[in-house]
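Numbering (full-length UniProt numbering) for the sequence shown: 27 to 481.
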Amino acid sequence: TEACLTAIEGAGALNAFVHKTPEVAREMAQAADARIKAGNAVAMTGIPLGIKDLFCTKGVESQAASRILTGFRPEYESTVTQNLWDAGAVMLGKLNMDEFAMGSSNESSAYGNAVNPWKGRDGADLTPGGSSGGSAAAVGADLCLAATGTDTGGSIRQPAAFTGTVGLKPTYGRVSRWGVIAFASSLDQAGPMTKSVRDAAIMLGAMASVDEKDSTSAEIPVPDFEAALTGDIRGKKIGIPREYRMDGMPDEIDALWRQGAEMLRDAGAEIVDISLPHTKYALPAYYVIAPAEASSNLARYDGVRYGLRAKLGQGDGITDMYEKTRAEGFGPEVQRRIMIGTYVLSAGFYDAYYNRARRVRALIKRDFDQAYAAGVDAILTPATPSSAFALGSMADADPVAMYLNDVFTVTVNLAGLPGISVPVGQDAQGLPLGLQLIGRPFEEGDLLNQALVLE
Ligand code: GLN
Numbered sequence: 027t028e029a030c031l032t033a034i035e036g037a038g039a040l041n042a043f044v045h046k047t048p049e050v051a052r053e054m055a056q057a058a059d060a061r062i063k064a065g066n067a068v069a070m071t072g073i074p075l076g077i078k079d080l081f082c083t084k085g086v087e088s089q090a091a092s093r094i095l096t097g098f099r100p101e102y103e104s105t106v107t108q109n110l111w112d113a114g115a116v117m118l119g120k121l122n123m124d125e126f127a128m129g130s131s132n133e134s135s136a137y138g139n140a141v142n143p144w145k146g147r148d149g150a151d152l153t154p155g156g157s158s159g160g161s162a163a164a165v166g167a168d169l170c171l172a173a174t175g176t177d178t179g180g181s182i183r184q185p186a187a188f189t190g191t192v193g194l195k196p197t198y199g200r201v202s203r204w205g206v207i208a209f210a211s212s213l214d215q216a217g218p219m220t221k222s223v224r225d226a227a228i229m230l231g232a233m234a235s236v237d238e239k240d241s242t243s244a245e246i247p248v249p250d251f252e253a254a255l256t257g258d259i260r261g262k263k264i265g266i267p268r269e270y271r272m273d274g275m276p277d278e279i280d281a282l283w284r285q286g287a288e289m290l291r292d293a294g295a296e297i298v299d300i301s302l303p304h305t306k307y308a309l310p311a312y313y314v315i316a317p318a319e320a321s322s323n324l325a326r327y328d329g330v331r332y333g334l335r336a337k338l339g340q341g342d343g344i345t346d347m348y349e350k351t352r353a354e355g356f357g358p359e360v361q362r363r364i365m366i367g368t369y370v371l372s373a374g375f376y377d378a379y380y381n382r383a384r385r386v387r388a389l390i391k392r393d394f395d396q397a398y399a400a401g402v403d404a405i406l407t408p409a410t411p412s413s414a415f416a417l418g419s420m421a422d423a424d425p426v427a428m429y430l431n432d433v434f435t436v437t438v439n440l441a442g443l444p445g446i447s448v449p450v451g452q453d454a455q456g457l458p459l460g461l462q463l464i465g466r467p468f469e470e471g472d473l474l475n476q477a478l479v480l481e
């Protein structure tokens, strides 16, 4: 814990930690020491972690990197973080992210973006990815041993790929959403961001629980994920979906993908070509459903209950208060999502957009169901269409260009499946590249065991 606190002090330029809690950390570390001395150490006793700013942590700022939650200190602890503290982990502080987890580059954060510890040509600053960019930067730069992330459309897996770290999005329902500030409730899932597959297995075991406080928590017992890590994947069938071979895919991504398939084959898996025919509709469906749910979830930030309230002029009424607070408190990307979401849910367009997107979502899920019914155990794809891009290079462009970054990851959230990003190789500049493995529902142990072969 002391080593991490020192490293954090020296890494201000990465802007990864947005609230540091050194006193809390030292107190928790001392409690962990006592537990170890008493012979009562459990899974994560004494392991220093960073927590994404999206998790409510009791008495500690939890702002979802938004101005609208300025000064918000929850009265309660999220189930996930409580589970981690119960398992003995130590909190170092809160980590930077895109505002309300909306983004792929960390540039929508009210704190300014986190920076990737890897540098581009001539030392150029790169994005750590998003939305869990602070988590990825912190793990990648050894500021903590692991971090929590959340993933609605790729926000754990893409930043992991950009920083050479491991990121796991569990099956929807595996990890409680209680106390995690909501973005798109039918897609959001928290998961571990770690330095290794084994760490991800241990940390997922500590994070996951059956939770009556989350109505979508699955009543499926949490197995020992670490015990599943045998390294033996002989006879497993790994699908390569042809629809993920996109036009204009860089050669290095294609080469990496082949290399990953070779590694799995060499370990005794059978590699099969599969088809997931509705893949091309995933991104448009996601960018209807996620903003729709976000517009509803974010209606609660009205200047009355939490955080910011804009200064009002004489004669301003309650509507002015709502309008001014929301105009000041939400950044441009969040405002864009609220407008899109409100539009697709409006009476005249609900069927044309929202209902159609839901039908497409069902077809995407069916594609995966059929592949698994045909005996496929996991699906191998690239994690991202490129390595980490330069900060500033995408933010001012057409927002759709940024959305395209999620092309390989959103399908997994739409289908509610577990997915993991593992660092496998490097691009021509020496920057990390990741591959994604998509597993069967609630078979994270199997998925982690396959990922071990790629590590
Ligand atoms: N980049 C995607 C978005 O902006 C995914 C974000 C996430 O997974 N939280 O919606």
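By construction, the Cβ of each residue, glycine as well, lies at the ideal position given by its N, Cα and C atoms. Here the structure is a predicted model, which is why all the values come from computation and not from measurement.
| Query | Result |
| --- | --- |
| Runs of alpha helix (DSSP H) wholly within the segment 332 to 411 (minimum 4 residues, chain order) | 344 to 355, 358 to 370, 382 to 399 |
| Start and end residues, alpha helix (DSSP H) containing Lys306 | No alpha helix (DSSP H) contains Lys306, which DSSP labels as neither H nor E. |
| heavy atom of the ligand GLN below 8 Å from Thr197 C-beta | no |
| Asp453 to Ile279 span [Cα, whole Å] | 8 Å |
| Of the residues Pro143, Ala227, Arg387, the one placed nearest Thr256, counting alpha carbons only | Ala227 |
| Given 8 Å, three or more beta-carbon pairs between the segment 426 to 443 and the segment 241 to 257 | no |
| Backbone CA spacing between Gly418 and Arg61 [nearest angstrom] | 46 Å |
| Simplified DSSP assignment, three categories, for Pro249 | coil |
| Under 9 Å between C-beta atoms of Phe356 and Arg93 | yes |
| Near the ligand GLN: Gln462 beta-carbon under 8 Å from a heavy atom | no |
| Whole-angstrom C-beta distance between Gly193 and Pro185, which should lie under 8 Å | 7 Å |
| Simplified DSSP assignment, three categories, for Ala150 | coil |
| Minimum length 3: unbroken beta strand (DSSP E) runs contained in the segment 44 to 119 | 74 to 78 |
| Per-residue DSSP class, three states only, for Ala454 | coil |
| Rounded straight-line distance, which links the Cα of Pro425 to that of Gly367 | 15 Å |
| Glu133, buried or exposed, once every other Cβ within 10 Å from all chains shown has been counted against 16 | buried |
| First and last residue of the uninterrupted beta strand (DSSP E) at Ile207 | Element bounds for Ile207: n/a, residue is neither H nor E. |
| For Glu296, the first and last residue of its enclosing beta strand (DSSP E) | 296 to 300 |
| Sequence-distant residues of its chain with Cβ nearer than 8 Å to Val298 (five each side left out) | Lys263, Ile264, Gly265, Ile266, Val402 |
| Cys30 beta carbon less than 9 Å from that of Leu121 | no |
| Run of the alpha helix (DSSP H) containing Thr437, from where it starts to where it stops | 436 to 441 |
| Check: Gln89 C-beta below 8 Å from any heavy atom of the ligand GLN | no |
| Cβ-based burial, Gln56 [other Cβ within 10 Å; buried from 16] | exposed |
| Residue ranges of each alpha helix (DSSP H) within the segment 142 to 201, 4 or longer | 159 to 166, 183 to 189 |
| Stretch-stretch touch, CB-based, cutoff 8 Å, three pairs: the segment 439 to 449 with the segment 194 to 203 | yes |
| Proximity below 9 Å, CB of Thr305 to CB of Thr107 | no |
| Sub-9 Å separation of Ile73 and Ala37 beta-carbons | no |
| Cβ-heavy atom distance, Gln396 to the ligand GLN, below 8 Å | no |
| Assigned secondary structure, Pro310 (DSSP; H/G/I helix, E/B strand, else coil) | helix |
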